[in-house]
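I have placed the structure first, in the form of structure tokens, so that the comments after it can refer back to it.
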Amino acid sequence: MWKRNLVRGLALVTLVGVLSGCGANSQSSASKSSSSSAKTTKTQTKRQRLISELPKGVKSTDADLVVVNKWNKRSEMSFSKSSVNGIDVRTSIVKPLEAFMAGAKKAGYPATIVSGYRSVAYQKEVWSQSIQTYENEGKSAKEALKLTKEYVAVPRGSEHETGLAADIMNTHWYNTHGNQLLSSSDKNKGQQWLIKHAPDYGFVLRFTKSGTKSTGIDYESWHFRYVGKKSAQFMTKHNLTLEQYVSLLKAREKAAK
Ligand SMILES: [Zn+2]
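If you count by mature numbering (1 follows the signal peptide of the UniProt record, and there is no 0), then the sequence shown holds residues -24 to -1, 1 to 233, one letter each, in order.
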């Protein structure tokens, strides 16, 4: 009897593995009434189609596509930094970032770069300060850690340490909302312009509403990440997170071997 349960359990694990390993958004295409295996096949077909359409000449190992998240932590990276509007970023993205800001201004929506490169040491500070603040508010150590995990990227797990990410807000909205980063800023036309046009400059909105499971981070209407134009346009067109996109690139590279 236990053996049968074990086999059933393994089958379930395998199926879940296939579904969760899929880079594509399975929710939109899979119908609820279809059987699990049909759903899996459909998802795999969509994945195959996406792989075949991936932009040429892009590799999962490209420096612009480095994935840093709570599952892929990185120690301090070494690269040259330069300042754009007083904010440090990786030197390689200065031109596209300046063009993005100039584009926003020209469209009538001047934007503010709130944050760019952050060192691992700084992220550690932000992390412990957050825990301290919650504890000072009377929360238990356990609660303080839980709340901090929800809102602050773990040290060595923040994309800001790549120098390829920037928190960008419509200046007017930012100044009239207490200089806060709030997802409701996406109601503002200027923020909408940034989100819509980011791919034209090689950036993507990194933490989308539909991508929270894949990124491990809640929706953020202000966090932009440089990935290069080809990748940004493909990711946006197919609503892929960076994690999902890189997974597809890896699959293409594996198949080519
Ligand atoms: Zn950010």
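Ideal Cβ positions, reconstructed from N, Cα and C, are used throughout, including at glycine.
I'd like the list of long-range same chain contacts for residue i, defined as Cβ closer than 8 Å, with 5 residues on each side in sequence excluded.
| i | result |
| --- | --- |
| V(-9) | Summary for V(-9): the model assigns pLDDT 31, below 50, so the residue's position carries little reliability, and this model does not support an answer. |
| V34 | L41, G204, K206, S207 and L225 |
Output needed for residue i: all residues of its chain with C-beta closer than 6 Å, excluding positions within five of it in sequence on either side, in chain order.
| i | result |
| --- | --- |
| V44 | R50, E135 and T138 |
| Q209 | P175 |
| P86 | T147 |
| I193 | F183 |
| P31 | K206 and F210 |
| A141 | E135 and R201 |
| A227 | I27 |
| N164 | N146 and W149 |
Compute the distance between the beta-carbons of residue i and residue j, then report whether it is under 8 Å.
| i | j | result |
| --- | --- | --- |
| N146 | S160 | no |
| L181 | F200 | yes |
| Y150 | T191 | no |
| Y93 | V128 | no |
| H153 | G166 | no |
| K46 | G133 | yes |
| S36 | E229 | yes |
| E52 | S95 | yes |
Which residues in the same chain as residue i place their Cβ atom closer than 7 Å to its Cβ, once the five residues preceding and following it in sequence are excluded?
| i | result |
| --- | --- |
| V70 | S58 and V60 |
| G204 | D40 and G178 |
| K(-22) | Its pLDDT being 40, under 50, K(-22) is placed unreliably by the model, and nothing is read from it. |
| N1 | Any reading at N1 needs caution, since the residue's pLDDT is 31, under 50, leaving its predicted position unreliable; the model's value is listed next. Once the five neighbours on either side are set aside, the close Cβ partners of N1 are S186 and N215. |
| D143 | V90, S91, L157, W198 and H199 |
| Q105 | none |
Can you check which of these residues, the options, is closest to residue i by C-alpha distance?
| i | options | result |
| --- | --- | --- |
| S91 | M211, W198, D176 and A227 | W198 |
| T212 | A227, K100 and G187 | G187 |
| L170 | L216, E74 and V102 | E74 |
| W103 | A232, A141, A120 and W47 | A120 |
| F183 | S95, K172 and Y195 | Y195 |
| V222 | P131, N164, Q105 and R23 | R23 |
| T67 | S56, F76 and M77 | S56 |
| N48 | P131, Q168 and A232 | P131 |
| K172 | A80, L123, T16 and K18 | A80 |
| A231 | A14, Y98, I27 and T21 | I27 |
| E126 | T19, K189 and R25 | K189 |
Quick one: give me the first and last residue of the alpha helix (DSSP H) that residue i is part of.
| i | result |
| --- | --- |
| L123 | A117 to Y127 |
| A75 | V70 to K82 |
| N151 | T147 to T152 |
| L193 | The sequence shown places Ile at residue 193, not Leu. Premise fails: I193 is in no alpha helix (DSSP H) and is neither H nor E. |
| K57 | It is not in any alpha helix (DSSP H) - K57 instead sits in the beta strand (DSSP E) that spans K57 to V60. |
| A39 | Run containing A39: none; DSSP gives neither H nor E here. |
| N112 | V96 to N112 |
| V222 | L218 to A232 |
| G33 | Note, G33: premise wrong, no alpha helix (DSSP H); not H, not E. |
| A208 | K205 to K213 |
| W169 | K165 to H173 |
Would you say residue i reaches chain D, if we count a Cβ-Cβ gap shorter than 8 Å as a contact?
| i | result |
| --- | --- |
| I89 | Included in the structure is just one protein chain, with no chain D present. |
Give the range of the beta strand (DSSP E) segment to which residue i is assigned.
| i | result |
| --- | --- |
| Y202 | H199 to Y202 |
| F179 | F179 to L181 |
| T88 | A87 to S91 |
| R66 | I63 to R66 |
Practice task
Any chance you could list the residues with Cβ under 5 Å from a heavy atom of ligand 1, keeping chain order?
Solution key: Going down the chain, each residue whose beta-carbon is closer than 5 Å to a heavy atom of ligand 1 shows up: D143 and H199.
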